[in-house]
Every structure is written in structure tokens, then in C-alpha cells.
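Chains as they are written, first to last, in the numbering used here: chain A, 10 to 254; chain B, 10 to 254.
Number of protein chains: 2
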Amino acid sequence: MMRVKLIVAYDGTAYHGWQLQKNGNTIEAELNKHLSALLEEDIQVIGASRTDAGVHAHCNVAVFDTVTRMPAEKISYALNQRLPEDIRIQSSRRVADDFHPRKCKSIKTYEYRIWCGEFPMPTERLYSYFMYTPLRVEWMREAAAYLEGKHDFASFCSVDSQAESTVRTIYGIEILEEKNMVRIRISGNGFLYNMVRIIAGTLVEIGKGKYPPERIADILESCDRQKAGPTLPARGLTLVQYDFI
Amino acid sequence: MMRVKLIVAYDGTAYHGWQLQKNGNTIEAELNKHLSALLEEDIQVIGASRTDAGVHAHCNVAVFDTVTRMPAEKISYALNQRLPEDIRIQSSRRVADDFHPRKCKSIKTYEYRIWCGEFPMPTERLYSYFMYTPLRVEWMREAAAYLEGKHDFASFCSVDSQAESTVRTIYGIEILEEKNMVRIRISGNGFLYNMVRIIAGTLVEIGKGKYPPERIADILESCDRQKAGPTLPARGLTLVQYDFI
């Protein structure tokens, strides 16, 4: 028996998220199905980030156990032959038998992309959120600085979260602007349910001038979801980096 | 009567190209259908670049005549309400009654995108060509320099072209590399059938080291399509700029 770690990239557009569901196709279901067929065993992967419907990933992580004699690093090639074009394994490696991706310390980086312009750009529509109103990126950067560090992020968490604690650490938030595209990159040790999309929604309110950057300190302190901005749509969100530390 | 110029952006993935066809949906057909319904007249647009099936555009140009009393600059907003999500008008303006986009001098810029890596990246797959072999971009730049200027591009033209002359002027070729993505940007006064995709295919052969950069001068001089590289797939190609001069 060996444990294999996969790095999994996907376009989430056509999926009901990562996690197995009774109805609707998911990334986890695709991996289980094609791994089981390839290795002729019943394979059930354990995922690292259970991304929501419509969210994308360059590097989500999954592990599984197998008795195959196929070398671990060949599995990526064989599995990609079977997977649909919108899921591609980026690597497959043998790991320690007790490696569990959700029990290891990690740094995850998400990117939220916003296309600002008079009209949407079709070739960007699947991987960004369209906004008509221009954003003042310097206000967003000023606000983002208040969120860095260890805080109770209850204000930035959907009410149906089942997390035991709402304390998380954000290592950094970068806001990049290149022509019409604004990208919010957030690194942290873990994220609450919808946290990145709510932070993005709040930074957008600030970028539009709806309230001043320093207001985000009050929002954070209030621990009240109602005070923060809206949850932006899933299509703008991508898991772009995942490092175990 | 007024003549209106549209700037049209589209994701070409789902279309059989720009031009009207008996079978298969095209950008031109979508524009004619939705403009006719919006303005309650029989509208037939004239396109500037008749892009192939699967090719994308940020700024193709179409003109049409109408008797509507709707201000020309409002048509973009109204038409975008009706168009599918993969086509978006970027602007609509009144132009001179004799303005014809294919009879005006223009500078067109196409970009061909290549994703180089061990495996494809799903979120880039629709707008780039995947290559396993790494590319030496400095060789490609050296080769590209030979193509700049006024030349007979018969070697870089599909044999089923109906062009009267195969002489064109390339104003510049830039090759940009950023992480896994290599982008070939070509500006010119006009392009032969499949010319950008054949130039990209030839530069890729050189970037792989199949033949040296200076060989491209012989290929150009031979006026022989067989000497040049393959026609790369449509999905990697986007019309990114269109200026009338």
C-alpha cells in the first residue's frame, strides 16, 4: 500500500464544487471514478480545499491509498488521459502513509479577479467578476492592511459555516491592477466559508468609495456578517497556491 | 439613415467563425439576428476581420446601416442585453456613410498564446495552445525579426487562400514570456489566410530547436507553404487590437 498526493488543477465552471454530492458532478467524484477505473481498485480521495461550485484551482491537493504497482509519478500521465479537459493533474508523488492534507499546516493563496470596464470581456468572463464601477485600488490596499495578521474573521464568514473557531491568520493581501483587471491575492493558514469572496466584496465596496478604508477595522471588530460587503460570485475565485509548511 | 460601427469582443470557442454559414452558428449571424430584432429592421453587418472557427477577438469591427432613432452609442447597451454571454459589444458609434472596414487602411494586432508545461492548465485551455516542449524564446525573437517589414508571405499562407497578392507588411512581432505562457504578438496591415497561425507554428519549431532562427529567411524566400511550420490550433489566437489609420 502506498499513499499518493495529487496536485489537481481545474476549471470549476461546469462543476458543483469539489465535494461529493448526491446530485451534480463534482471534482472529487470525477477523481474517484477515473482513479478507480485506472487502478482497478475502489479509490476515494481526500481533498485539501473543498472549493465551492464554480470556484477554480491551479493546485488543489488530494491524497489516496492504493496497492497499484504503477510508480506514483506515472499516475498523473495515465489519469490525465481519462479525465475531462477541465481537470488536469499537475503532479502525482508518493507521500508518507500518515500524510493528511487537512491536518498539515499549510499556506493557501487565493486570487479573486475583477474585470472593470464599460462592458464585460467575453474571454475573461469565466474567470473573473465583471464590474462597471471603477475601483480605487489604493483605498482597497489601505483597507486590506487592517485584515493582515491573526483576527476573529466572524464578520467575513457565511452564517451557515460550521467552523469551531472563526480565528484565522492572513499572511498577506496583495492588490494588483493591470489594465482592466484587478486581482486580490490573499494568503493565509486557512479560510472560513466564503471568507475570500466576502473580503473581496468588502474591498470592492471600499474601492467604489461606499465607505472609507478604516471602516474595515470596525467591520472586523464587530464580528457581524451584516456589516461586511456582499459575497462575490464564485467564478472570480481561484486557488492559486498551496504550500505545506 | 446612419452607418454605425460596432467594436465586437467574443470568445470564439462555441462558434464556426465570424462569417455567415449555412450550417453552424457564427458571430455575424448572431449580430444580424439580435440587431434585426432590436431595431425592427433587416440588419446585415459588414465585418472587418472574418476570423476562423474558434478564434477569439477583443475588438473586431462591424458596421451596418439603420434608420433607427436610437442614438448610435446606446445600441451597445441594448444589444448586449440580447447577445449571448460570449459576445459583447465594446462600443457603438456613428461613422461616415461611406466608411467600410475592409476598405480602410488599418493596423491589426493578433496574439497567439502558448502554454508550456508538463501538463495543460484547465483555466487557460480555451485561450491557448498547450505544448509539452519548452521554448527558447530568444531564438524565436531572432527568427521573428526576419519577418518584419514588407514581404511576400506565400510560405505562411494556407494553400486554399483566395488572396490576389501574398505581399503584406508586418510592423512588428513581440514575443512575451511570463511564467508558463508565451505570447506572440504580431501587428500588420493585413494577414493572409492562417498566416498568424502558420507564423506561430514556424516560430515554435525554431523555439524547440528543430532548425536555427536564420532558416526563417529561406522559408520566407522559398514562397513554399511546405517549408514553413504547422498551422497551430485556432483556440490560441485572439485579435487584440484594431486601429484604422
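Don't be surprised by glycine CBs; every beta carbon is placed ideally from N, CA and C. Just so it is clear, the structure is predicted and the values come from calculations on it, not from any experiment.
Nearest CA to the CA of residue i: which residue from the options?
i                 : options                                   : result
Asp20 of chain B  : A:Arg134, A:Phe253 and A:Ser101           : A:Arg134
Thr75 of chain A  : A:Arg91, A:Arg97 and A:Ala46              : A:Ala46
Ala87 of chain B  : B:Met10, B:Phe253, B:Met140 and B:Glu49   : B:Glu49
Met149 of chain A : A:Ala226, A:Cys232, A:Glu37 and A:Cys68   : A:Ala226
Glu39 of chain A  : A:Lys159, A:Glu94 and A:Arg102            : A:Glu94
Gly63 of chain A  : A:Ile254, A:Pro80, A:Phe253 and A:Leu248  : A:Leu248
Gly238 of chain B : B:Phe165, B:Gln28, B:Cys125 and B:Leu144  : B:Phe165
Met79 of chain A  : A:His65, A:Arg103 and A:Ser58             : A:Arg103
Phe253 of chain A : A:Arg206, A:Gln235, A:Gly199 and A:Glu120 : A:Gly199
Gln53 of chain B  : B:Val13, B:Ile98 and B:Pro143             : B:Val13
Gln99 of chain B  : B:Thr35, B:Arg111, B:Ala81 and B:Met190   : B:Ala81
Ala154 of chain A : A:Ile215, A:Asn189, A:Met140 and A:Glu173 : A:Ile215
Glu120 of chain B : B:Glu183, B:Pro131 and B:Thr211           : B:Glu183
Pro221 of chain A : A:His65, A:Leu229, A:Ala152 and A:Gln30   : A:Ala152
Leu255 of chain B : B:Arg192, B:Asn32 and B:Ile36             : Outside the modelled stretch of chain B, which goes from 10 to 254, sits residue 255 of chain B, for which no answer is possible.
Met10 of chain B  : B:Asn32, B:Glu147, B:Asp61 and B:Asp107   : B:Asp107
Glu157 of chain A : A:Arg194, A:Met190, A:Lys188 and A:Asn189 : A:Arg194
Arg111 of chain A : A:Val70, A:Thr132 and A:Asn89             : A:Val70
Thr118 of chain B : B:Arg206, B:Ile84, B:Lys42 and B:Thr132   : B:Arg206
His65 of chain A  : A:Asp51, A:Lys42, A:Leu44 and A:Tyr136    : A:Tyr136
Glu223 of chain A : A:Ala172, A:Glu187, A:Glu147 and A:Gln171 : A:Glu147
Report yes or no: is there a C-beta of chain A within less than 8 Å of the C-beta of residue i?
i                : result
His43 of chain B : no
His65 of chain B : yes
What does a CB cutoff of less than 7 Å around residue i pick up in its chain, not counting 5 residues either side in sequence?
i                 : result
Tyr180 of chain A : Ile116, Ser196 and Gly197
Pro143 of chain B : Cys125
Lys219 of chain A : none
Val168 of chain B : Arg234
Pro129 of chain A : Phe139
Arg97 of chain A  : Ala18 and Asn89
Arg145 of chain A : Gly216 and Gly218
Ile84 of chain A  : Val13 and Ser101
Leu212 of chain A : Met149, Ala152, Ala153 and Ile193
Ile228 of chain A : Ser164, Thr211, Lys236 and Ala237
Asp61 of chain B  : Gly26 and Ala243
Grab me the residues of residue i's own chain with a C-beta within less than 6 Å of its C-beta, minus the 5 sequence neighbours each way, in chain order.
i                 : result
Tyr138 of chain B : Ile123, Leu241, Pro242 and Gly245
Arg59 of chain A  : Trp27 and Gln28
Arg192 of chain A : Glu120, Arg122 and Leu185
Lys114 of chain A : Ile254
Thr77 of chain A  : Leu48
Asn189 of chain B : Trp124, Cys125 and Gly126
Which residues in the same chain as residue i place their Cβ atom closer than 8 Å to its Cβ, once the five residues preceding and following it in sequence are excluded?
i                 : result
His109 of chain A : Ile55 and Val72
Thr175 of chain A : Asp161, Phe162, Ala163, Cys166, Leu201 and Cys232
Cys68 of chain B  : Ile16, Val17, Ala18, Gln99, Leu248, Val249, Gln250 and Tyr251
Arg177 of chain A : Lys159, His160, Phe162, Gly197, Asn198, Gly199, Phe200, Leu201 and Met204
Gly210 of chain B : Ala237, Gly238, Pro239, Thr240 and Leu241
Asn34 of chain B  : Ala23, Tyr24 and His25
Ala105 of chain B : Arg12
His43 of chain A  : Leu88, Arg91 and Leu92
Under 8 Å, Cβ to Cβ, is there at least one residue of chain E near residue i?
i                : result
Glu94 of chain B : Of the protein chains in the structure, A and B, none is chain E.
To be precise: take each residue of the stretch 151-180 of chain B, compare its Cβ to all Cβ atoms of chain A, and keep it if any distance is under 8 Å. Which residues remain? Within the stretch 151-180 of chain B, not one residue has a Cβ closer than 8 Å to any Cβ of chain A.
Looking at chain B, which residues of the stretch 80-105 of chain A have a Cβ within less than 8 Å of any of its Cβ atoms? Taking 8 Å as the Cβ-Cβ cut-off against chain B, the residues of the stretch 80-105 of chain A that qualify are Ser85, Asn89, Glu94, Asp95, Ile96, Arg97, Ile98, Gln99 and Ser100.
Could you list the residues in the stretch 119-147 of chain A with a C-beta less than 7 Å from some C-beta on chain B, going in chain order? Those would be Phe128, Pro129, Met130, Pro131, Thr132, Arg134 and Tyr136, in chain order.
Using a beta-carbon distance cut-off of less than 9 Å, what residues from the stretch 230-251 of chain B approach chain A? Sequence-ordered contacts of the stretch 230-251 of chain B with chain A read Thr247 [C-beta pairs closer than 9 Å].
Under 7 Å (Cβ pairs) to chain B, residues found in the stretch 19-32 of chain A: Answer in chain order: Tyr19 and Asp20.
Complete runs of the alpha helix (DSSP H) confined to the stretch 176-232 of chain B [at least 4 residues]: Taken in chain order, the unbroken stretches of alpha helix (DSSP H) that lie wholly in the stretch 176-232 of chain B and span 4 residues or more are 204-216 and 224-231.
Every unbroken alpha helix (DSSP H) inside the stretch 132-182 of chain B [4 residues or more]: For secondary structure counted as the alpha helix (DSSP H) over 4 or more consecutive residues, the stretch 132-182 of chain B holds these complete runs in sequence order: 146-154.
Taking the runs of the alpha helix (DSSP H) that are 4 residues or longer, which of them lie wholly in the stretch 59-122 of chain A? DSSP runs (the alpha helix (DSSP H)) wholly in the stretch 59-122 of chain A: 81-91.
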